[in-house]
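Counting in my numbering, the sequence shown runs from 52 upward without gaps.
We put the CB at the ideal spot given by N, CA and C, even for glycine.
Remember, predicted model here, so these are calculated numbers, not experimental data.
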Amino acid sequence: MVRVLIRGIGDVGSAIAHQLFKAGFEVVMQDVPEPHYPRRGMAFTDAMFNVEDALLEGLRARRCDDVAVMVARLSYREIIPVTTQDVASMCHRVQPQILVDARMRKRFVPECQIHLAPLTIGIGPNFIAGETVDLVIESSWDGQLGSVIARGTALPLAGTVRKIAGYGVERVVYAPAGGVFMTSLEIGAKVEAGALVGRLAHIDLHAPLGGRLRGLTHNGVRVELGTKIIEVDPRENDAVVFGLGERPLHIAAGVVKAVRRFAVTGDADEMDYP
Numbered sequence: 052m053v054r055v056l057i058r059g060i061g062d063v064g065s066a067i068a069h070q071l072f073k074a075g076f077e078v079v080m081q082d083v084p085e086p087h088y089p090r091r092g093m094a095f096t097d098a099m100f101n102v103e104d105a106l107l108e109g110l111r112a113r114r115c116d117d118v119a120v121m122v123a124r125l126s127y128r129e130i131i132p133v134t135t136q137d138v139a140s141m142c143h144r145v146q147p148q149i150l151v152d153a154r155m156r157k158r159f160v161p162e163c164q165i166h167l168a169p170l171t172i173g174i175g176p177n178f179i180a181g182e183t184v185d186l187v188i189e190s191s192w193d194g195q196l197g198s199v200i201a202r203g204t205a206l207p208l209a210g211t212v213r214k215i216a217g218y219g220v221e222r223v224v225y226a227p228a229g230g231v232f233m234t235s236l237e238i239g240a241k242v243e244a245g246a247l248v249g250r251l252a253h254i255d256l257h258a259p260l261g262g263r264l265r266g267l268t269h270n271g272v273r274v275e276l277g278t279k280i281i282e283v284d285p286r287e288n289d290a291v292v293f294g295l296g297e298r299p300l301h302i303a304a305g306v307v308k309a310v311r312r313f314a315v316t317g318d319a320d321e322m323d324y325p
């Protein structure tokens, strides 16, 4: 059985985990103890915070930092284990054949990971296929979203927010300072324009427009300046707040394609893509 370790428990990493699990592969997810990802209704993110399982379109994820228990759960295939264990330690102790970096840290240059597993895959910009990872998956709407790149890089960060109902960057609130984000609201809550959503570093943060909270960083999480922490879907009754997102599913399809090919060839060097 091919085993996959996924870094990143946001909406993209969660979609990848979901689709790989459905495709029959063993999947474990890794991230920091208090991840900041805002689209928690479209991800397994809350498994890091809750005693109860996180549920996403019929699949459950559960935090587990005991490696022996984690390996047992992988073979049982009842849930997706998520952990805060160091990734290098995880690669040594769990021995995944495939490592996927889906942290989506688009403004950072990721470390070289090509040596950590027989096949390494990076999602989005700043990875270099054939150098820092074996393969890259395109994550931009402006490119061939979900395509597998065997040489080179994905498109650079566009710096724009995809429009919904005519609103782009106007839908989003970024952290105006570093600090601990506090909120009493929940994902999917209805908000009016200007409503108080949370507080960060003694700064009140308000809804930029009316609609439903599609993104909301978990209460009590420390964030850095510029981190996306609030996102509003202005469609209200037609808002997409829960479930697998369109873009993450396209990206996940590219990963599943690469993993399936590796499962056949068993060699990252034999995985050329048109």
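Glutamate 297: not part of any beta strand (DSSP E); member of the alpha helix (DSSP H) spanning 297-316, first to last residue.
Three or more beta-carbon pairs separated by less than 8 angstroms are not found between the stretch 148-159 and the stretch 130-137, which leaves the two stretches without contact. Within the DSSP bridge table, the entry for tyrosine 225 names Lys279 as partners.
Proline 84 and glycine 61 have their C-alpha atoms some 13 angstroms from each other.
Less than 7 angstroms separates the beta-carbon of glycine 175 from that of alanine 205. Inside the stretch 98-152, DSSP marks whole alpha helix (DSSP H) runs of 4 or more residues at positions 118-127 and 138-145, from first to last along the chain. Assigned with DSSP and collapsed to three states, isoleucine 60 falls in coil, not helix or strand.
A straight-line Cα-Cα distance of about 34 angstroms links aspartate 289 and glutamate 77. As computed with DSSP, phenylalanine 232 is found in a beta bridge with Leu251 and Val272. Contact fails between the stretch 225-239 and the stretch 306-318, because fewer than three Cβ pairs, one in each stretch, are under 8 angstroms apart. Residue environment: threonine 234 is assigned as buried (16 or more neighbouring CB atoms within 10 Å of its CB, all protein chains considered). A Cβ-Cβ separation of about 7 angstroms places phenylalanine 95 in contact with alanine 68 under the 8 angstroms criterion. Annotated three-state conformation of valine 220 is helix, per DSSP. Taking 7 angstroms as the cut-off, the beta carbon of leucine 247 is found closer than this to the beta carbon of aspartate 255. With 16 or more other Cβ atoms inside 10 Å of its own Cβ, methionine 93 counts as buried. In terms of Cβ geometry, leucine 251 and glycine 230 form a close pair [threshold 7 angstroms]. The residue among Val138, Gly271, Arg91 and Leu170 with its C-alpha nearest the C-alpha of valine 118 is Val138. Beta-bridge partners assigned by DSSP to threonine 171: Leu150.
With at least 16 other beta carbons inside 10 angstroms of its own, serine 190 counts as buried. Here isoleucine 165 has Thr171, Glu182, Thr183, Val184 and Asp185 as same chain residues with Cβ atoms under 8 angstroms from its own Cβ, once five neighbours each way along the sequence are excluded. In the three-state DSSP reduction, methionine 52 falls in the coil class, being neither helix nor strand. For cysteine 163, the CB contacts under 6 angstroms within the same chain, skipping 5 residues up- and downstream, are Thr183 in chain order.
The Cβ-Cβ distance between alanine 226 and valine 274 falls below 7 angstroms. It is roughly 45 angstroms from the alpha-carbon of serine 126 to the alpha-carbon of glutamate 221. Per DSSP, the continuous beta strand (DSSP E) segment holding leucine 264 begins and ends at 262-267.
Proline 285 sits away from leucine 267, with the two beta carbons spaced by 7 angstroms or more.
The residues Ala98, Arg111, Ala112, Arg113 and Ile130, in chain order, have a CB closer than 8 angstroms to that of aspartate 104 in the same chain once the five nearest residues on each side in sequence are set aside. Considering only Arg124, Lys214 and Thr135, the residue with the shortest C-alpha distance to arginine 54 is Arg124.
A Cβ-Cβ distance of about 18 angstroms is found for the pair valine 223 and glutamate 297, leaving them out of contact under the 8 angstroms criterion.
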